[in-house]
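The sequence shown begins at 117 in this note's numbering and counts up one residue at a time.
Glycine is no exception: its CB is placed at the ideal position from the N, C-alpha and C atoms.
None of the values given here were measured: they were computed from a predicted structure.
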Amino acid sequence: MRKIFFGLLFVQSQRYKEDFLKIRKQNGLSVDGYQDYAYTMESLEIECSADRQRSLETADYDVNDRKISESFPISGWRHLSEDSIAASIAAPLCRQHAVSNTWWWDYPEHQNHDED
């Protein structure tokens, strides 16, 4: 079973930011630090053979790239929709790993080398 992990960056419009803050307030969540909110980074796990994905971490950042908040809501597995951003990134990676057994740890610089 092949799995890949990657992050998605969601840069938001001003209108989205305003709505985002409004929803946080309505849900009783803190808006401290969100005056300069700029983007959200989401870490995903993709299971290539089953065409499914799940979220591992979500973090919000301000305009200075400082983390405002983070959560680790490991979600349940969801179908990887063909027209999603995640699918467009995952498709070539899954194809590559389906035809090749070359992973990052297979490269010499990632292997343990005993000195003579």
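Asked	Found
When 204, 155, 143, 195 are compared against residue 176, the one with the closest alpha-carbon	155
CA-to-CA distance, residue 139 to residue 129, given in whole angstroms	15 Å
Pairwise C-alpha distance: residue 121 and residue 189	15 Å
Bridge-paired residues (DSSP) for residue 235	Only positions 117 to 232 of the chain appear in this structure, which leaves residue 235 out of reach.
Cβ-based burial, residue 169 [other Cβ within 10 Å; buried from 16]	buried
Beta-carbon proximity list for residue 173, same chain, < 6 Å, skipping 5 on both sides	159, 188
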